[in-house]
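Residues in the sequence shown are numbered from 51 upward in steps of one, following the working numbering. Beta carbons are placed, not taken as given, at the ideal position from N, Cα and C, and that holds for glycine. To start, the structure under review is shown below, and the notes come after it.
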Amino acid sequence: MQEPYISVVVSCYNKREIIGECIRSILNQNYENYELIVVDDGSTDGSIEAIKKFNSIQMKVIQIRHKGVSAAKNTGIKHARGSIVLFIDGDCILDKEGLRELSKSFSSPEIGCVGGRLLAINSQNLIAKTVELMQNGVERKWPFGANVAYRREALEKIGGFDEHMEAGEDVDLFLRAVKLGFCYIFNPNLTAKTFNPSSLSALFKQRLRWGVGFVHLFEKHRDVLTLEVKRCFALIATLIFSP
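In structure tokens, the structure reads:
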């Protein structure tokens, strides 16, 4: 059976210190049938110079003016050729077996979305480790946008990311997929590492931004909030507002 062709879309905005490791982790995958699309969202910190240091026939670099993460991801979708599109944030490092694990996850045609696990690079920090443990309970219900894949046909029917949303765009996309009848599965072996907030001030700043996004989510998706989803939102609210 032929392995599916996977498009990996990496969105980057001012991630100069980590974007190189992100790209390297994808180019070193134990999987051959893929392309890497890196979309730089108007970075001002030298990220694009770090990105252009890599030279691979499997890698395409796209520069756009700063429009936000949704616009960057939608740009990646437009250029993607794969039947599966994996979204990875520019500050994440994908496990070497990530694409192989992902290829196994779409074995059934009704599966439209596959989410993976996010681990903390800085897990020695108590706050970062606590965030990781709390996220592990959420990602089984719905995916985090930093490590999630969709069938291309699902993305076409959903219509891509809402570019009016500055946060929560990943959950919004997922809920629209659910409305259209696409199934979601969580693959704990599809892992990526990222830097979680390591101070209370950084955590508060991140969760406040997410909180604004989730207000918009409630406005858009009140009709599909089942009891299970409400429980997940309650857990996310705890992540946002708890110290």
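Could you please give me the residues that DSSP links to residue i through a beta bridge?
i, result
"Asp91", "Ile114"
"Gly165", "Val198, Phe236"
"Glu219", "Partner(s): none; Glu219 has no beta bridge."
Between the C-alpha atoms of residue i and residue j, what's the straight-line distance to the nearest angstrom?
i, j, result
"Ala122", "Asp91", "6 Å"
"Pro238", "Pro193", "11 Å"
"Ile98", "Ile112", "10 Å"
"Glu151", "Tyr55", "13 Å"
"Leu223", "Ala217", "12 Å"
"Ile177", "Gln52", "Because Ile177 sits at a pLDDT of 45, beneath the cut-off of 50, its placement in the model cannot be relied upon, and the following sentence gives the value as read from the coordinates. Answer to the nearest angstrom: the Cα atoms are 43 Å apart."
"Asn80", "Lys146", "6 Å"
If you follow the beta strand (DSSP E) that residue i is in, where does it begin and where does it stop?
i, result
"Ala242", "233-244"
"Asp139", "134-139"
"Leu144", "142-144"
"Ile76", "Unbroken run through Ile76 is the alpha helix (DSSP H), 69-77; no beta strand (DSSP E)."
"Ser57", "56-62"
Nearest by alpha-carbon distance to residue i: which of the options is it?
i, options, result
"Gly148", "Val111, Ser106, Leu168", "Leu168"
"His129", "Glu71, Arg202, Phe232", "Arg202"
"Ser106", "Asn197, Tyr200, Tyr84, Tyr234", "Tyr84"
"Arg66", "Ser153, Cys142, Val135", "Cys142"
Starting from residue i, follow the alpha helix (DSSP H) in both directions and report where the run begins and ends.
i, result
"Phe202", "According to the sequence shown, residue 202 is Arg rather than Phe. Residues 202-208."
"Ile107", "Counting along the chain, Ile107 falls outside any alpha helix (DSSP H), and DSSP gives it neither H nor E."
"Ile127", "119-129"
"Ser155", "148-155"
"Glu99", "97-101"
Three Cβ pairs or more, each shorter than 8 Å: is that satisfied between the stretch 156-172 and the stretch 87-107?
no
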